[in-house]
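Enquirer: One structure, as structure tokens, below. Some questions next.
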Amino acid sequence: MKAKEDAPNYRKASGSKNCGNCKAWDSSKTDDPMTGYCEWYDFTCRADHICDAWAGGKND
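First residue of the sequence shown? That's 0 in numbering that gives the first Met the number 0, and the numbers climb one at a time after it.
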């Protein structure tokens with residue numbers, strides 16, 4: 000099973016691409032609007048972060 004440490008180069012986002020608009024983002028699994036669940040790497044992530052696996056598709 001994958002985890003946060005498997006997300007390639009997970010870090011604070013500096014541009015318009017971020018976890019919050021990635022295909023893997025699922026905000027329905029958390030109550031905090033700044034956090035969501037990464038379906039690809041199985042961890043709770045922040046909307047204002049990104050990893051090198053980012054893929055567009057949600058509000059990009």
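Glycine included, each C-beta is placed from N, C-alpha and C at the ideal position.
Short of 7 Å in beta carbon distance, which residues of its chain neighbour C50, apart from the five on each side in sequence? Order them along the chain.
Expert: The answer, listed in chain order, is A6, P7, N8, Y9.
Enquirer: To the nearest angstrom, report how far apart G73 and W24 are at their CA atoms.
Expert: Past the edges of the chain, shown from 0 to 59, lies residue 73, and the structure says nothing about it.
Enquirer: Could you tell me which residues DSSP pairs with D25 in its beta bridges?
Expert: The partner list for D25 (beta bridge, DSSP) reads Y36.
Enquirer: Counting along the chain, where does the beta strand (DSSP E) carrying C44 start and finish?
Expert: Counting along the chain, the beta strand (DSSP E) containing C44 begins and ends at 42 to 45.
Enquirer: Tell me, to the nearest whole angstrom, how far the beta carbon of D47 is from that of K3; I am working on the premise that it is less than 8 Å.
Expert: Going by Cβ atoms, the distance from D47 to K3 rounds to 15 Å, so no, they are not a contact pair.
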